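For the sequence shown, my numbering begins at 3 and goes up steadily by one. Virtual Cβ for every residue (Gly too), placed ideally from N, Cα, C. All values reported here derive from a predicted model rather than from experimental measurement.
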Amino acid sequence: MRIAPSILAADFANLANEVKDVEPYVDLLHIDVMDGHFVPNITMGPNVVQALKPLTKCELDVHLMIENPDKYIPEFIKAGADMISVHVETCPHLHRTIQLIKQAGVKAGVVLNPATPIETIKTILPDVDFILIMTVNPGFGGQSFITSMLEKIKEAKSMIEEKGLNAEIEVDGGINPETLQACSEAGASIFVAGSAIFNHEDRKAAIEQLRGA
Ligand SMILES: O=C(CO)[C@@H](O)[C@H](O)COP(=O)(O)O
């Protein structure tokens, strides 16, 4: 099980210290990139990835919620991204986009919005390192977990097992100890958590609580 704190919920005026506060207890840091077009919010770009890179030994897990991701992927790679995920909804040439990421030695993931059926990633599955199943509609932190996504996680897990693949399943949105346990039982192994970590004063305890689940 890997926990990925979503820095979207951190205090941006104090970002370096926020990262130092969580990074000893986790393996990944999740960075939400939003463009105000694909999702109704604007957040951060490659400059934030570059600034965080020397501060942490954690893998930087960059979730691109942007239109035309191919245009910006090289910049995120140069900035130090270790994992990059793109939405199936934004990639008309998904195979090409995934290759663009993988050719640079970066782990590639494909993301599904809650309303997007799992079948849309059937053919790309052998090419990706991970699938990110959104358990809220992307754009904002602090939303409630969509329970019907548990079925989608189970479907993804079966598809991966049927094909004998190694892709991991990551979940993102509304993750707390209860929803984490349900997602883990359904087949997920990477858990993105924003408010469940950064809204607590004691981040170590918050992460331990999630792990305990
Ligand atoms: O990508 C997103 C939202 O679009 C997430 O990464 C959120 O940042 C998760 O926040 P919580 O639901 O855990 O507060």
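Smallest Cα separation from residue i: which of the options?
| i | options | result |
| --- | --- | --- |
| D63 | F200, Q183, R4 | R4 |
| V194 | P42, H202, T181 | T181 |
| L167 | F132, A106, V24, V138 | F132 |
| A18 | G196, C93, T58 | T58 |
| V173 | I148, E164, S160 | I148 |
| V90 | E163, N16, L114, R98 | L114 |
| R98 | N16, G82, K80, I126 | I126 |
| V112 | L54, T92, Q105 | T92 |
| K55 | F14, I79, P140, S146 | I79 |
| A81 | I100, A106, Q101, P94 | A106 |
| S186 | G214, D204, M161, K165 | G214 |
What are the partner residues of residue i, as DSSP defines its beta bridges?
| i | result |
| --- | --- |
| E153 | For E153, which the question treats as bridged, DSSP gives no partner whatsoever. |
| V130 | Answer by DSSP bridge pairing: none, since V130 is not bridged. |
| S191 | DSSP, once it has assigned bridges, lists no residue as partnering S191. |
| D63 | H32, M85 |
| K109 | M85 |
| V50 | DSSP, once it has assigned bridges, lists no residue as partnering V50. |
Taking 6 Å as the limit between beta carbons, can you name the residues of its chain near residue i, skipping five residues before and five after?
| i | result |
| --- | --- |
| H2 | The structure shown does not extend to residue 2, since the chain is modelled only from 3 through 215, so no value can be given for it. |
| K206 | Y27 |
| G144 | S197 |
| E170 | F132, S191, I192 |
Report, in whole angstroms, the separation of the C-beta atoms of residue i and residue j, which I expect to be a contact under 8 Å.
| i | j | result |
| --- | --- | --- |
| D84 | V108 | 6 Å |
| I123 | E157 | About 10 Å; that fails the 8 Å criterion. |
| P71 | V51 | Going by Cβ atoms, the distance from P71 to V51 rounds to 14 Å, so no, they are not a contact pair. |
| A184 | L152 | 6 Å |
| V35 | H65 | 7 Å |
| I155 | G196 | No, I155 and G196 are not in contact; Cβ-Cβ is about 19 Å, not under 8 Å. |
| T45 | L10 | 6 Å |
Please return the same chain residues whose Cβ sits closer than 7 Å to the Cβ of residue i, not counting the five positions on each side in sequence.
| i | result |
| --- | --- |
| I103 | I75, I86, A110 |
| A208 | A198, I199, H202 |
| D29 | R4, C60, E61 |
| E2 | For the chain, the structure presents residues 3 to 215; residue 2 sits outside this window and is missing. |
| Q211 | P179 |
| M136 | V113, L114, N115, P116, D174, G175 |
| N43 | M36, G141, F142 |
| P41 | Checking the displayed sequence, the identity of residue 41 turns out to be Val instead of Pro. Within the same chain, V41 has close Cβ partners M67, P140, G141. |
Taking 8 Å as the limit between beta carbons, can you name the residues of its chain near residue i, skipping five residues before and five after?
| i | result |
| --- | --- |
| H39 | I68, E69 |
| E163 | none |
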